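Peer 1: In terms of my numbering, the sequence shown opens at residue 396 and continues consecutively. Where a beta carbon is used, it is the ideal one built from N, C-alpha and C, also for glycine. Owing to the predicted nature of the structure, the values given are computational and were not obtained by experimental measurement.
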Amino acid sequence: MTQTWLVTGGAGFIGGNFVLRQVLKNNRKIINLDKLTYAGNLDTLRQLDSNNNYNFVKGDIGDNKLVAEVIEKYQPEAIVNFAAESHVDRSIDAPDDFITTNILGTFNLLKHSLSYYKELSESKQQQFRFLHVSTDEVYGSLGDTGLFTETTPYSPNSPYSASKASSDHLVRAYHHTYGLPVLTTNCSNNYGPYQFPEKLIPLIITKALNFEALPVYGDGKNIRDWLYVEDHCSAIETVVTDGKIGEVYNVGGNEEKQNIEVVNALCDILDELRPVEGKCRRDLITYVKDRPGHDQRYAIDSSKLQDNLGWAPAESFKSGIKKTVQWYLDNKIWSDRVLDGSYTGQRLGND
396 MTQTWLVTGG
406 AGFIGGNFVL
416 RQVLKNNRKI
426 INLDKLTYAG
436 NLDTLRQLDS
446 NNNYNFVKGD
456 IGDNKLVAEV
466 IEKYQPEAIV
476 NFAAESHVDR
486 SIDAPDDFIT
496 TNILGTFNLL
506 KHSLSYYKEL
516 SESKQQQFRF
526 LHVSTDEVYG
536 SLGDTGLFTE
546 TTPYSPNSPY
556 SASKASSDHL
566 VRAYHHTYGL
576 PVLTTNCSNN
586 YGPYQFPEKL
596 IPLIITKALN
606 FEALPVYGDG
616 KNIRDWLYVE
626 DHCSAIETVV
636 TDGKIGEVYN
646 VGGNEEKQNI
656 EVVNALCDIL
666 DELRPVEGKC
676 RRDLITYVKD
686 RPGHDQRYAI
696 DSSKLQDNLG
706 WAPAESFKSG
716 IKKTVQWYLD
726 NKIWSDRVLD
736 GSYTGQRLGN
746 D
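#1: With distances taken Cα to Cα, identify the nearest neighbour of N476 among A463, E464, T501 and S583.
#2: Counting C-beta neighbours from all protein chains within 10 Å, is the total for N447 16 or more, i.e. buried, or is it exposed?
#3: Ignoring anything shorter than 4 residues, give me the alpha helix (DSSP H) runs that lie fully in the segment 665-699, in order along the chain.
#4: My output table needs one value for L529: the three-state DSSP class, helix, strand or coil.
#5: Any idea what DSSP makes of W706, helix, strand or coil?
#6: From which residue to which residue does the beta strand (DSSP E) around L401 run?
#7: Specify the secondary structure class of E472 as computed by DSSP and reduced to three states.
#8: Does the distance from the CB of S445 to the CB of I494 come in under 9 Å?
#9: Which whole-angstrom value describes the C-beta separation of D531 and F523, a residue pair presumed to lie in contact below a C-beta threshold of 8 Å?
#10: For K513, which three-state DSSP category applies?
#11: If contacts are defined as beta-carbon pairs under 8 Å, then W400 and A473 qualify, I think. What distance do you get, rounded to the angstrom?
#12: Could you tell me which uninterrupted alpha helix (DSSP H) segments, each at least 4 residues in length, are contained entirely in the segment 584-630, listed from first to last along the chain?
#13: Which residues mark the beginning and the end of the alpha helix (DSSP H) in which K559 is found?
#14: Leaving out five residues on either side along the sequence, give the residues of the same chain with a beta carbon under 7 Å from the beta carbon of D637.
#15: Taking Y723 as part of the alpha helix (DSSP H), name the residues at either end of that continuous run.
#16: Given a cut-off of 9 Å on the beta-carbon distance, is the pair G454 and N436 in contact?
#17: Please determine if the segment 583-599 and the segment 619-631 are in contact, where contact requires at least 3 C-beta pairs separated by less than 8 Å.
#18: Is the number of C-beta pairs between the segment 647-658 and the segment 591-611 that are closer than 8 Å three or more?
#19: Thinking C-beta only, is L419 closer than 9 Å to N427?
#20: In terms of alpha-carbon separation, which member of T633, K594 and I716 lies closest to V483?
#21: Pull up the distance between the alpha-carbon of C675 and that of F606, whole angstroms please.
#22: Closest to R485 by CA distance: which of T572, N726 and T432 is it?
#23: Taking only the alpha-carbon atoms, compute the straight-line gap between Y511 and G574 and give it to the nearest angstrom.
#24: By DSSP, does F523 sit in helix, in strand, or in coil?
#25: Specify the secondary structure class of T432 as computed by DSSP and reduced to three states.
#26: Please classify H571 as buried or exposed, where buried requires at least 16 other C-beta atoms within 10 Å of its C-beta.
#27: Which partner residues of N447 appear in the DSSP bridge assignment?
#28: Comparing C-alpha positions only, which one of S518, N503 and D696 sits nearest to S562?
#29: Can you name, in chain order, every residue of its own chain whose Cβ lies under 7 Å from the Cβ of G688, other than the five neighbours on each side?
#30: Going by the CB atoms, is the gap between D696 and G641 shorter than 9 Å?
#31: Tell me, please, which residues DSSP counts as bridged to F543.
#32: Just the Cα atoms here: how many angstroms apart are T547 and P670?
#33: Does DSSP classify I426 as helix, strand or coil?
#34: For Q378, which beta-bridge partners are listed by DSSP?
#35: Does the Cβ of D620 have 16 or more other Cβ atoms within 10 Å, making it buried, or fewer, making it exposed?
#36: Assign N581 to one of three DSSP states: helix, strand, or coil.
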């Protein structure tokens, strides 16, 4: 029997990739509830328009009436919550939306999920799962050594990460207080197809193709652990189906890179795939004023997920970044449509 999963924020970057994977590869019925903010893009899911296993519902996870109606109508076996405001720079400039969506929206989703869960038969309760997708940024910043584990104390440093930390705590509380069968994943930096161009990798690809200045924060030595989005989606799927109720699983790519290393790699790949005689894209790199409170280093220990559930990333950074660049070269129409809107490659969140 085909399973039905409710995915919130399924028109965003990670959510969109996850929806495509579940419908096209796993033959699951997906209900996609998405508000379609600036980062939501139905072009990502255009190939599902005539697929009977896909339904799109435009709406906000903070909408009491709508969330209750959607859950009741579709009776999902799982709810996977991607819906979030997610760009740090935007949260610095305008934190209100982050508090509203990431905290109050998650609370509303939990509230209605619990009401639904309580009315299920015992056998269906045993099947039901609520998975909350979070970030490694809730843990704060690391020094030169060490890794974030599932027991690392929370120490968020931006309004974005603080709002995600709050939602993580609410999810935990709904399990321990009410018995809702929840799971949480905290992931490292994602990259891959369909990413909104405010993020580092698609931003650099877009600007480098046009031979525009390539902005790098500070000295470019901030370190992130990079995770190919398809690997993240497979991890979430694994946790939903096999994870232990109430547990947190960190998801990482085991690929630490300085931001400047990432930018250099993108320049070199583009010089190889789209060479222009006499020009080197590394020459376009421009160092700009650092973001306030910019965390120095994130790195994920995903051994719990790998050892307990048998997941491992399929892509290295070298293979994943080349696939990503090729995808953007092959899908310029998608990028152009995104850039036709209000975002045109400017720095977001603070001046």
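Peer 2: In brief:
#1: As a position in the sequence shown, residue 476 is number 81, starting the count at 1. When the alpha-carbon of N476 is set against those of A463, E464, T501 and S583, the nearest one is in T501.
#2: Indexing the sequence shown from 1 puts residue 447 at position 52. Under this definition N447 is an exposed residue.
#3: The segment 665-699 is shown to contain no whole alpha helix (DSSP H) run of 4 or more residues.
#4: Along the sequence shown, read from residue 1 onward, the residue named residue 529 stands at position 134. The residue asked about is misnamed: residue 529 is Ser in this sequence, not Leu. When secondary structure is reduced to three states using DSSP, S529 falls in the strand class.
#5: Here residue 706 corresponds to residue number 311 of the sequence shown, with the count starting at 1. Under the three-state reduction of DSSP output, W706 falls in the coil class, being neither helix nor strand.
#6: Position 6 of the sequence shown, counted from the first residue, corresponds to residue 401. Residues T399 to T403.
#7: Here residue 472 refers to the residue found at position 77 when the sequence shown is read from its first residue. Secondary structure of E472 (DSSP, three-state): coil.
#8: Residue numbering aside, residue 445 sits at position 50 when the sequence shown is read from its first letter. Residue numbering aside, residue 494 sits at position 99 when the sequence shown is read from its first letter. Not in contact: S445 and I494 (Cβ atoms no closer than 9 Å).
#9: One-based indexing of the sequence shown puts residue 531 at position 136. One-based indexing of the sequence shown puts residue 523 at position 128. The C-beta distance from D531 to F523 rounds to 27 Å, too long to fall under 8 Å, and the pair is not in contact.
#10: Here residue 513 refers to the residue found at position 118 when the sequence shown is read from its first residue. Three-state DSSP puts K513 in a helix.
#11: Counted from its first residue, the sequence shown places residue 400 at position 5. Counted from its first residue, the sequence shown places residue 473 at position 78. A Cβ-Cβ distance of about 5 Å is found for the pair W400 and A473, placing them in contact under the 8 Å criterion.
#12: You should have 595-604.
#13: The count along the sequence shown starts at 1 and reaches residue 559 at position 164. Counted as a single uninterrupted DSSP element, the alpha helix (DSSP H) harbouring K559 occupies residues P554 to Y573.
#14: What you label residue 637 is simply residue 242 of the sequence shown in a count that begins at 1. So the list reads L704, once near-sequence residues are dropped.
#15: The residue labelled residue 723 in the question sits at position 328 within the sequence shown. F712 to D725 is the extent of the alpha helix (DSSP H) around Y723.
#16: As a position in the sequence shown, residue 454 is number 59, starting the count at 1. As a position in the sequence shown, residue 436 is number 41, starting the count at 1. For the pair G454 and N436, the CB atoms are not nearer than the 9 Å cut-off.
#17: With a cut-off of 8 Å, the segment 619-631 and the segment 583-599 count as touching, because enough Cβ pairs lie within range.
#18: Three or more pairs of CB atoms, one per stretch, sit closer than 8 Å, so the segment 647-658 contacts the segment 591-611.
#19: Sequence index remark: in the sequence shown, residue 427 carries index 32 (1-based). Sequence index remark: in the sequence shown, residue 419 carries index 24 (1-based). In this structure, L419 does not lie closer than 9 Å to N427 by Cβ.
#20: Numbered from its first residue, the sequence shown carries residue 483 at position 88. Looking at the Cα atoms, K594 is the closest of the given residues.
#21: If you number the sequence shown from 1, residue 675 lands on position 280. If you number the sequence shown from 1, residue 606 lands on position 211. Taking the straight line from one Cα to the other gives about 9 Å.
#22: Taking the first residue of the sequence shown as 1, we reach residue 485 at position 90. Ranking T572, N726 and T432 by Cα distance to R485 puts T432 first.
#23: One-based indexing of the sequence shown puts residue 511 at position 116. One-based indexing of the sequence shown puts residue 574 at position 179. Rounded to the nearest angstrom, the two C-alpha atoms are 13 Å apart.
#24: As a first step, residue 523 is located in the sequence shown; it is residue number 128 there, counting from the start. It is coil, neither helix nor strand.
#25: The sequence position of residue 432 within the sequence shown is 37, counting from 1. T432: coil per DSSP, three-state reduction.
#26: Translated into positions along the sequence shown, residue 571 becomes position 176. Around the beta-carbon of H571, fewer than 16 other beta-carbon atoms lie within 10 Å, marking it exposed.
#27: Here residue 447 corresponds to residue number 52 of the sequence shown, with the count starting at 1. Its beta-bridge partners do not exist; DSSP assigns none.
#28: As a working note, residue 562 is residue 167 in the sequence shown. Per the Cα distances, N503.
#29: Translated into the one-based positions of the sequence shown, residue 688 becomes position 293. If we look at G688 and ignore the five residues flanking it on each side, its Cβ neighbours are N552 and S553.
#30: Position 246 of the sequence shown, counting from 1, holds the residue named residue 641. Position 301 of the sequence shown, counting from 1, holds the residue named residue 696. Not in contact: G641 and D696 (Cβ atoms no closer than 9 Å).
#31: Along the sequence shown, read from residue 1 onward, the residue named residue 543 stands at position 148. Under DSSP, F543 takes part in a beta bridge, and its partners are I695.
#32: Here residue 547 refers to the residue found at position 152 of the sequence shown. Here residue 670 refers to the residue found at position 275 of the sequence shown. Going by C-alpha positions, T547 is about 45 Å away from P670.
#33: Position 31 of the sequence shown, counted from the first residue, corresponds to residue 426. Looking at I426 - three-state DSSP - the assignment turns out to be strand.
#34: Outside the displayed range of the chain (396 to 746) lies residue 378, so it cannot be described from this structure.
#35: Translated into the one-based positions of the sequence shown, residue 620 becomes position 225. Result: buried.
#36: Position 186 of the sequence shown, counting from 1, holds the residue named residue 581. Per DSSP, reduced to three states, the secondary structure at N581 is strand.
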